[in-house]
Amino acid sequence: MLLRFALHGWHRCVRIPQSKCRPADQNLKSKIVHGVRFLALLVQKYGGTSVGSIDKIKNVAAKVAAAKRAGNDVVVVVSAMSGETNRLIALAQEISPLPDEREKDVLISTGEQVTVALLSLALKEIGQPARSYLGHQVRIETDNAYGKARILSIDSTKIVEAIKAGEVVVVAGFQGVDENDNITTLGRGGSDTSAVALAAFLNAKACEIYTDVEGVFTTDPRICPQAKKLGKISYDEMIELASTGAKVLEIRSVEFAKKYSVPVHVRSTFSDVEGTWLVEEDDSMSDVLVSGVACDKNEAKITLVRVPDEPGLAARIFGPIADAHIVVDMIIQNASEDGTTDMTFTVPKADHQKALAIVEKSLPEVHAKGIRVDTEIAKVSVVGVGMRTHAGVAAIMFQTLAREKVNIQMISTSEIKISVVIDAKQSDQAVRALHQAFIAN
Ligand code: ADP
Ligand code: ASP
Ligand code: MG
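Numbers in my numbering are just positions in the sequence shown, counted from 1, shifted up by 574.
Put into structure tokens, the structure is as follows:
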């Protein structure tokens, strides 16, 4: 009944070649359900704003009960009430600017304990049997990377028993447990990943991600009112959008969905309109040059000034950062001058103090003349599978930014994405201009 799988070998900047993407492992999945086939199993995930008050939790309970009455078995994953995870992080930081990571995970996982209990109570109150479970109770086993743990296995025994008994199963998102029973969390937005992983393990017919917008838009509708809702988007494009800041889906959830071919439907908690389906790429998609514009203000830029330009330098700088599980996104090494160069890279803002401490420690070894840090940056990206077959996207992007007098500090590209780092103050303006140039015109 215990099933292990690994989602490895994929790095933010690298696209998995199609040949390496296995279809869903039906053989493994059928073992999970004890020979019982849950043809009508739906996994639904409700985000923080959807469960942000008692009235909203009652609204979610009514939706879940309706799905059950319609003949579905339902597993629900919930996030903490909106603002709660931030509140808990701030409490820890009142005690220590760099809190112990194990204890921080014990603390910030409590937000979801509140909402699973409240939703189960609300379901029972309207006559729908329900049962709540925390990550360790259904044994969502992860590695031990506190704050960004990866799901390795899920023991579905209790979930299957509850489903067979006619109950709705309410599982706490965002959390798991490592092999030594330490509580772990999956990273911000991680309830999406909990939901898609459960849908993959349980072979659900779909994973519905309920949120506060009506689906995936061509850009964040809160920044750009002209943004259009997409009826469907390919897994690859969604991976790029998620990795470049479109927080409507957490990136690892999309990686899971792609790897295990989980049908994912992103839709609104507050209306019944059809949302956006994540699908395999089809021919019609390459006609569209750019399908989305994304913005990420959660990165910080670190520059090591005038380091010697010699073999082994990058390994000395980035080795210890990787050992600390910090994801480095963009890297730029300037042209060599007098045998020295500037090395600039970006890391998640939440990790920048940790990265700084590591880099400062290695200063004598890397012989840098100084360190500069900039937390007021934004990464703005355009994404589209059409870029594989059409040239000139970068030129239009740079011309558009030049017209807006936006200075580009860093550039990175992949087969279907171009990203630039700019001053955070100009990011909304840049997003709107790029959306106008590529999508709305
Ligand atoms: P939840 O709490 O439901 O998980 P999130 O706040 O994590 O919701 O994600 C939903 C938000 O994502 C939206 O309110 C929207 O502002 C933002 N967003 C960013 N880019 C996009 C996009 N391309 N399409 C839709 N929403 C987006
Ligand atoms: N509560 C967690 C967060 O705020 C997980 C989630 O909402 O998906 O990041
Ligand atoms: Mg979210």
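Glycine is no exception: its CB is placed at the ideal position from the N, C-alpha and C atoms.
query: Beta-bridge pairing of R946 - partner residues as DSSP gives them; result: T877
query: Exposure of S845, with buried meaning 16 or more beta-carbon neighbours within 10 Å; result: exposed
query: Distance between L975 and T918 (C-alpha atoms, nearest Å); result: 22 Å
query: Whole-angstrom C-beta distance between G721 and G761, which should lie under 8 Å; result: 7 Å
query: Distance cut-off 6 Å: F830 Cβ against heavy atoms of ligand 2; result: no
query: Classification of I895 by the beta-carbon crowding that lies within 10 angstroms, buried from 16 upward; result: buried
query: Inter-residue Cα distance where the pair is V648 and D810; result: 28 Å
query: Sub-7 Å separation of L815 and V957 beta-carbons; result: yes
query: Chain-ordered list of residues that sit, by beta carbon, closer than 5 Å to a heavy atom of ligand 3; result: G621, G763
query: For D948, the nearest candidate out of H926, I1013, R977, E884 (CA to CA); result: H926
query: T659 CB to nearest heavy atom of ligand 5 below 6 Å; result: Ligands displayed in this structure: ligand 1, ligand 2 and ligand 3; ligand 5 is not among them.
query: Coil, strand or helix - L1008 by DSSP; result: helix
query: Continuous alpha helix (DSSP H) stretch holding T767: start and end; result: 765-776
query: Contact set for I932: own chain, Cβ-Cβ below 7 Å, skip 5 residues either direction; result: P894, I895, A898
query: Any non-hydrogen atom of ligand 1 closer than 6 Å to D794 Cβ; result: yes
query: heavy atom of ligand 2 below 6 Å from S765 C-beta; result: yes
query: DSSP beta-bridge partners of Q618; result: V650, E782
query: Continuous beta strand (DSSP E) assignments of at least 3 residues falling wholly in the region 808-875; result: 838-842, 850-853, 866-870
query: Straight-line gap, G960 to L863 (C-alpha atoms, nearest Å); result: 4 Å
query: Cβ pair S670, I757 closer than 7 Å; result: no
query: Euclidean distance between Cα positions of L615 and Q749; result: 22 Å
query: Short Cβ contact (7 Å threshold) for R890 with E934; result: no
query: Three or more C-beta pairs below 8 Å linking the region 638-652 and the region 741-755; result: yes
query: DSSP-derived helix/strand/coil call for D897; result: helix
query: beta-carbon V790 near ligand 1 non-hydrogen atom, thresh 6 Å; result: yes
query: Contact under 7 Å by Cβ, K928 with N872; result: no
query: Anticipated Cβ contact below 8 Å, I1018 with V712, distance rounded; result: Since the first and last residues shown for the chain are 575 and 1015, residue 1018 lies out of range.
query: Proximal residues to A1011 (C-beta, below 7 Å), its chain only, five neighbours per side dropped; result: I970, T974
query: Any non-hydrogen atom of ligand 1 closer than 6 Å to V864 Cβ; result: no
query: Rounded straight-line distance, which links the Cα of E854 to that of Q642; result: Here residue 642 is Lys; the residue named in the question, Gln, does not match the sequence. Those two C-alpha atoms are separated by around 28 Å.
query: Alpha-carbon spacing of D1041 relative to M904, whole angstroms; result: There is no way to answer for residue 1041, as the model of the chain reaches only from 575 to 1015.
query: CB contact flag (T914, D883, <7 Å); result: yes
query: Heavy atom of ligand 1 within 6 Å of V959 beta-carbon; result: no
query: Continuous alpha helix (DSSP H) stretch holding D679: start and end; result: 675-682
query: Rounded C-alpha distance that separates A773 from Q687; result: 20 Å
query: Cα-Cα separation between E911 and V881, rounded to whole angstroms; result: 10 Å
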